[in-house]
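Engineer: Okay, here's the structure, questions in a sec.
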Amino acid sequence: MKELNLPLTLKEAGINKEEFEKQIMEMSDIAFNDQCTGSNPRMPLVSEIAEIYRKAYRE
2 MKELNLPLTL
12 KEAGINKEEF
22 EKQIMEMSDI
32 AFNDQCTGSN
42 PRMPLVSEIA
52 EIYRKAYRE
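Residue numbering for the sequence shown follows the working numbering, beginning at 2 and increasing consecutively.
Okay, here's the thing in structure tokens:
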């Protein structure tokens, strides 16, 4: 990604932190209910999905 000069985090991509936090639980619910989530070896909690999104944002 660096070699292509692409953002490495959601913050670097210009995502507003306040708007991101407003939407994170809805995004997590959508990801949890996605049909692909059920095929994971372990079913994640919605809160764990939210944490993955927060790690992708990285301040």
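Note that the Cβ used here is the ideal one computed from N, Cα and C, for glycine as well.
Taking DSSP as the reference, what is the three-state secondary structure of Met26?
Structural biologist: Here residue 26 refers to the residue found at position 25 of the sequence shown. Note: Met26 maps to helix in three-state DSSP.
Engineer: Helix, strand or coil for Ala14, going by three-state DSSP, please let me know.
Structural biologist: On the sequence shown, residue 14 is found 13 positions in, with the first residue counted as 1. Three-state DSSP puts Ala14 in coil, outside helix and strand.
Engineer: Classify Arg55 as helix, strand or coil using the three-state DSSP reduction.
Structural biologist: Your numbering for residue 55 matches position 54 in the sequence shown. Note: Arg55 maps to helix in three-state DSSP.
Engineer: Skipping 5 residues on each side, what residues in its chain have a beta carbon closer than 7 Å to that of Ala51?
Structural biologist: Working through the sequence shown from its first residue, we reach residue 51 at position 50. So the qualifying residues of the chain are Ile25, Met26 and Ser29.
Engineer: Measuring only the C-alpha atoms, how far is Asn6 from Gly15?
Structural biologist: Reading the sequence shown from its first residue, position 5 is the one you call residue 6. Reading the sequence shown from its first residue, position 14 is the one you call residue 15. About 14 Å.
Engineer: Identify which residue in Glu20, Glu49 and Leu9 has its Cα closest to the Cα of Arg59.
Structural biologist: One-based indexing of the sequence shown puts residue 59 at position 58. The shortest C-alpha separation from Arg59 is found at Leu9.
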